[in-house]
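For the record, the sequence lines run as chains C and G. Residue 291 in the numbering used here sits at position 291 of the first sequence, and the numbers go up by one each step. Residue 119 in the numbering used here sits at position 119 of the second sequence, and the numbers go up by one each step. Read the structure below first, then the notes.
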Amino acid sequence: MTEPADVSEELLPFSFTGRAGEYFRIWIVSLCLSLLTLGIYSAWGKVRKRRYLNAHTRLAGSGFDYHAPPLAILRGRVVALALFGGIALAGQVLPIAQWGLFGLLLLLMPWIVVASARFNARNSTYRNIAFGFDGRIGEAARVFLGGGALALLTLGLAYPWYRARRARFIIAHHRYGVTSFATDLRAGGFVTIYVLAAAMIGGAFVVLALGAAAIATIVGDATRDLESSSLGYALVLGLYAWYVAVYAYVRARTFNLMANATIVGALRLRGTLRARRLAWLYLSNVIAVLGTLGIATAWATIRVARYRAASLAVRTHAPLESYVGDTRTLAGATGSEVGDLFNMDVSL
Amino acid sequence: MTALEGILYDGRSAAPHPVTVRIDGARIAIAGPGMDATLDRSDIEVDSPVPGVARRLRLPGGAEIETADHASVDAAWPGRSNLTRVAYWLESRNLMAVLALVVTAALAWFIVTAVLPLAAEPVARSIRPEAEQVLGEQTLRSLDATLAEPSELPPARRETIEREFASLVDDEPAGNHIDLQFRRMQTPNAFALPGRTIVLTDEMVAFVQNDDELMGVLAHEIGHMAGRHALRMVLQQSGIAVLIAVLAGDAAGITLLAVAAPIALLNARYSRAFELAADDHAYALLQRHGRPLQPFADLLRRLAENRHTADPNDPLLRYLNSHPDLDLRIHRTEAAARGP
Numbered sequence: 001m002t003e004p005a006d007v008s009e010e011l012l013p014f015s016f017t018g019r020a021g022e023y024f025r026i027w028i029v030s031l032c033l034s035l036l037t038l039g040i041y042s043a044w045g046k047v048r049k050r051r052y053l054n055a056h057t058r059l060a061g062s063g064f065d066y067h068a069p070p071l072a073i074l075r076g077r078v079v080a081l082a083l084f085g086g087i088a089l090a091g092q093v094l095p096i097a098q099w100g101l102f103g104l105l106l107l108l109m110p111w112i113v114v115a116s117a118r119f120n121a122r123n124s125t126y127r128n129i130a131f132g133f134d135g136r137i138g139e140a141a142r143v144f145l146g147g148g149a150l151a152l153l154t155l156g157l158a159y160p161w162y163r164a165r166r167a168r169f170i171i172a173h174h175r176y177g178v179t180s181f182a183t184d185l186r187a188g189g190f191v192t193i194y195v196l197a198a199a200m201i202g203g204a205f206v207v208l209a210l211g212a213a214a215i216a217t218i219v220g221d222a223t224r225d226l227e228s229s230s231l232g233y234a235l236v237l238g239l240y241a242w243y244v245a246v247y248a249y250v251r252a253r254t255f256n257l258m259a260n261a262t263i264v265g266a267l268r269l270r271g272t273l274r275a276r277r278l279a280w281l282y283l284s285n286v287i288a289v290l291g292t293l294g295i296a297t298a299w300a301t302i303r304v305a306r307y308r309a310a311s312l313a314v315r316t317h318a319p320l321e322s323y324v325g326d327t328r329t330l331a332g333a334t335g336s337e338v339g340d341l342f343n344m345d346v347s348l
Numbered sequence: 001m002t003a004l005e006g007i008l009y010d011g012r013s014a015a016p017h018p019v020t021v022r023i024d025g026a027r028i029a030i031a032g033p034g035m036d037a038t039l040d041r042s043d044i045e046v047d048s049p050v051p052g053v054a055r056r057l058r059l060p061g062g063a064e065i066e067t068a069d070h071a072s073v074d075a076a077w078p079g080r081s082n083l084t085r086v087a088y089w090l091e092s093r094n095l096m097a098v099l100a101l102v103v104t105a106a107l108a109w110f111i112v113t114a115v116l117p118l119a120a121e122p123v124a125r126s127i128r129p130e131a132e133q134v135l136g137e138q139t140l141r142s143l144d145a146t147l148a149e150p151s152e153l154p155p156a157r158r159e160t161i162e163r164e165f166a167s168l169v170d171d172e173p174a175g176n177h178i179d180l181q182f183r184r185m186q187t188p189n190a191f192a193l194p195g196r197t198i199v200l201t202d203e204m205v206a207f208v209q210n211d212d213e214l215m216g217v218l219a220h221e222i223g224h225m226a227g228r229h230a231l232r233m234v235l236q237q238s239g240i241a242v243l244i245a246v247l248a249g250d251a252a253g254i255t256l257l258a259v260a261a262p263i264a265l266l267n268a269r270y271s272r273a274f275e276l277a278a279d280d281h282a283y284a285l286l287q288r289h290g291r292p293l294q295p296f297a298d299l300l301r302r303l304a305e306n307r308h309t310a311d312p313n314d315p316l317l318r319y320l321n322s323h324p325d326l327d328l329r330i331h332r333t334e335a336a337a338r339g340p
């Protein structure tokens, strides 16, 4: 007996319902208390800001939740600070020790990647079902150190391939409850993105050189005064804006590429970020944040979160209700205290 | 008795179950389609509140009820008076947000103007001069590769300057380790590199009217070196970079310019303090050697006059721009020359 295949595909959009005014109050209180407590409060502030942003990122009527223990974040920050402080101090006492510690940091990187992915996944929930990350340190070492070395040795030619491998590692080892993520990400998409980005940067320099040559032939070097120096400033600002635009292009395209290749059981993500729109958001954010001496930071965060959520959706063949939580982790919540040292967020 | 509406997620499946929670003293009744449970209030754990974020009631066994009814939750579970309660109270009030903004701005200004300069000084002293010397040598090498040409001063002129310089620094700590370098750079300039190197340009030697003026310039650079200003400047700039990253690091895509622009703005402030400190050092040094201060003031005045007539593309103006508040410096130098 064959059941008719369920061809009905549902498109569920993400949305973001946070408001800049409300987030501003949380942000500024966090900042103020962090400065007053010499940074200690920043761990609590981070959790509160993240809880706000996650709760307002909504899918099918439910928000996401974040419940990392602030003490674990504080511990991670102390470790990171000690590591960097140690490197700086070692350089004073014995310069060779500094290189040794840099090497150690490089070797620790796979562990840092895995530990923080696990920490963030485990502490994020949707409808009271936790995400998880099961990547192994050994594989992380192969992907990040091996792949990274290859990208370096090929002078960046292998970089798109390395990027794809990195993304596959991170995506495929995530799970939602008992449902593992899967990905059909290929390096080809990254090749297109990075070749185009390199062409955009290279093209800007060609245009600049041609423009400079044209100006020189037309006006000669008679205008070597104020105008040429303000033209210089305009050029630098223009180049910076162009750089931000290319950055936004890479961000938008890689976001879509990775989202579209992410499969969770019967659903697949769909990213529709547009590079031009994101570039406008980034550039206007820079102007707003600089113009308000940083006060617009909260507003800038909310705008980007709103656009990112609006550009993400899931296509699903099965109702979201069918996803099942991992009851083993629920039962073992106290047991996980054993691995407490690994239970921290190292933000580098 | 109060009642609140919420959605129960059992933690086993992602299905939402609308429920009504009736709170009757310590007795909590949860009712919904196919669900009817009674619990003790103390069995239920409530999360700490964040403004605008739905509350979550954690039930024994891993289920969770999400509700937007902050008031009912707060009434039933008043909670301990702890840090997150204080944060919630602050975050819920516009007035407190404004207050936090004012306090943050004041603290940031205090850190930039007082804490960083104060902290950079002992840190700079704790860094070995050898480590700094490496940095200075690298800078000189890159200068030689780009802007600087070998000096074309006549050997006799050069020897006179070196002799006078040696007698000026004979009582400076580590004075005989100072390395005076001559270069041609199209600009009347003298500058102290990190470490123990002072660079003097042929154009500056030509610009001065006598050796007392020249020794004034060099004494000023020795002041920068003795105060380790180059290193302290770098340290203070790094401090600002960290501060900006903390203040505005949340917003995506802004960090690069957001760090560079304020550093450029605050540089002028730091640089002015270092210029005045280097001048003070120069006054003491020149006076110890029985050299007059007035020539140094004369030189500064001529540089200032040049500033008003100079073409914006004039290399001289670029030198002047690195020495702000020239009028103040002239005034101070002349006051010092008149004596106490």
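All C-beta atoms in this analysis are idealised placements derived from N, C-alpha and C, irrespective of residue type, glycine included.
- Using a CB distance cut-off of 7 Å, R277/C does not count as an interface residue toward chain G.
- Of the other Cβ atoms in all chains shown, 16 or more fall within 10 Å of the Cβ of Y159/C; this residue is therefore buried.
- At a cut-off of 7 Å between beta-carbon atoms, R306/C makes no contact with chain G.
- At a cut-off of 7 Å between beta-carbon atoms, L35/C makes contact with chain G.
- Cα atoms of W111/C and G177/C: separation of roughly 23 Å, rounded to the nearest angstrom.
- The Cβ-Cβ distance between L320/C and A14/G falls below 7 Å.
- Three or more Cβ pairs closer than 8 Å define a contact, and the region 254–268 of chain C falls short of that threshold against the region 286–306 of chain C.
- Look at Q181/G here: in three-state DSSP terms it is strand.
- For P18/G, the enclosing beta strand (DSSP E) begins and ends at H17 to D24.
- Against chain C, a Cβ distance below 9 Å from M35/G picks out nothing, because the smallest value is about 15 Å.
- About 15 Å separates the Cβ atoms of A115/C and L74/C, ruling out a contact at the 8 Å cut-off.
- Checking the DSSP bridge columns, you'll see S238/G has no partner listed.
- Chain C places a beta carbon closer than 7 Å to that of V53/G, counting this residue as a contact.
- Distance from the CA atom of A252/C to the CA atom of A213/C, rounded to whole angstroms, is 34 Å.
- Contact between A300/C and A288/C holds: CB atoms are separated by about 6 Å, below the 8 Å threshold.
- At the C-beta level, S8/C and Y66/C stay beyond 7 Å of one another.
- Looking only at G211/C, V195/C and F144/C, the smallest Cα-Cα distance to L106/C is reached by F144/C.
- Within the region 2–35 of chain G, those residues whose Cβ lies closer than 8 Å to any Cβ of chain C are, in chain order, I7, Y9, D10, G11, R12, S13, A14, A15 and P16.
- Among the CB atoms of chain C, one or more fall inside 7 Å of the CB of E64/G.
- Counting the other CB atoms within 10 Å of its CB gives P150/G a total below 16, which places it among the exposed residues.
- Cα atoms of D184/C and I26/C: separation of roughly 39 Å, rounded to the nearest angstrom.
- Residue-level contact check: I287/C does not touch chain G, since none of the beta carbons of chain G fall below 7 Å from its beta carbon.
- Counting only runs of at least 3 residues, the region 23–91 of chain G fully encloses the following beta strand (DSSP E) elements, listed from N- to C-terminal order: 27–32, 35–40, 55–58 and 64–67.
- Classified as buried, G136/G has 16 or more neighbouring CB atoms from the shown chains inside 10 Å of its CB.
- Taken atom to atom, the span from the alpha-carbon of L153/G to that of D202/G is near 6 Å.
- For Y162/C, same chain residues with a beta-carbon under 6 Å away, outside a window of 5 residues either side, are G147 and A151 in chain order.
- D24/G counts as exposed, since fewer than 16 other C-beta atoms from the protein chains shown sit within 10 angstroms of its C-beta.
- Per DSSP, Y52/C is one residue of the alpha helix (DSSP H) stretching across S42 to A55.
- In terms of Cα proximity to A130/C, the closest of L283/C, R122/C and L104/C is R122/C.
- In summary, Y233/C is exposed, with fewer than 16 beta-carbon neighbours lying within 10 Å of its beta-carbon over all protein chains present.
- If you draw a straight line from the Cα of L153/C to the Cα of V304/C, it comes to about 36 Å.
- In this structure, A297/G sits near A337/G, with a CB-CB distance shorter than 7 Å.
- Proximity to E275/G across T333/G, I240/G and P295/G peaks at T333/G, based on C-alpha coordinates.
- Residue pairing of A190/G in beta bridges, as defined by DSSP: L200/G.
- When the five nearest sequence neighbours on each side are left out, the beta carbons in the same chain lying within less than 7 Å of the beta carbon of L231/G are those of A124, I127, E132 and P194, in order along the chain.
- Here L4/G has V21, T67, D69 and S72 as same chain residues with Cβ atoms under 6 Å from its own Cβ, once five neighbours each way along the sequence are excluded.
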